[in-house]
Amino acid sequence: MPKAYLKVGEVALRSGLPISTLHFYERQGLIASDRNAANHRVFRREVLRRVSIIKVAQSVGLPLAEIASALGDLPKGATPSTEDWSRIAESWYGDLTRRIELLTALRDKMAMCIGCGCLSVKRCPLVNEDDHLAEEGPGARLL
Ligand code: FES
0 MPKAYLKVGE
10 VALRSGLPIS
20 TLHFYERQGL
30 IASDRNAANH
40 RVFRREVLRR
50 VSIIKVAQSV
60 GLPLAEIASA
70 LGDLPKGATP
80 STEDWSRIAE
90 SWYGDLTRRI
100 ELLTALRDKM
110 AMCIGCGCLS
120 VKRCPLVNED
130 DHLAEEGPGA
140 RLL
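Oh and the sequence shown: position 41 is 40 in numbering that gives the first Met the number 0, straight run, nothing missing.
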């Protein structure tokens, strides 16, 4: 049976994150530790799931503040339930869908246009004849 509590070094080893990152997450309120009888910092085993979600969410560009806000809704001092995780998944669904669409468009359009430069009216997805996209506002309007 796995241990219920892990030392910070064990969390680092298992998660692949430096101890300094775990301390940073703790200072930011993303994870929380307890103290054992020897007054050493220990983490409930479920911290591994939180850390995994933090890592993946960061890797797809979710701001740390948004991640902290979502994780802040999880119960304190208890292992989150399936329903708790589902609430977070639902709250991120729209944002993640938008990011997936943006990344897909960026991947496909960049692959086609970088190094090409033709801006062909017939085939280029980035064509912007007479800069008509300026009417929609600043920034990359096609992505
Ligand atoms: S620049 Fe050639 S296809 Fe976009």
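All C-beta atoms in this analysis are idealised placements derived from N, C-alpha and C, irrespective of residue type, glycine included.
- prompt: L5 lies in the beta strand (DSSP E); which residues open and close that run?
  reply: 4-6
- prompt: When the Cα atoms are used, what is the spatial distance from L73 to R98?
  reply: 24 Å
query: Assuming A67 and G28 make a contact with CB atoms under 8 Å, what is their CB distance in whole Å?
result: 6 Å
query: Cβ atoms of R40 and R49: under 8 Å apart, would you say?
result: no
task: State buried or exposed for S80, treating a residue as buried only when at least 16 other CB atoms are found within 10 Å of its CB.
output: exposed
- prompt: How would you write the range of the beta strand (DSSP E) that V41 sits in, first residue to last?
  reply: 40-43
query: Using DSSP with H/G/I as helix, E/B as strand and the rest coil, what is D72?
result: coil
task: Leaving out five residues on either side along the sequence, give the residues of the same chain with a beta carbon under 7 Å from the beta carbon of G60.
output: R98
message: Considering only their Cβ atoms, is the gap separating S90 from A69 smaller than 8 Å?
response: yes
field: Classification of A56 by the beta-carbon crowding that lies within 10 angstroms, buried from 16 upward
entry: buried
query: When we look at the beta-carbon of L21 and count the other beta-carbons within 10 Å, is it buried (16 or more) or exposed?
result: buried
- prompt: Would a C-beta distance cut-off of 8 Å place L5 and F42 closer than the cut-off?
  reply: yes
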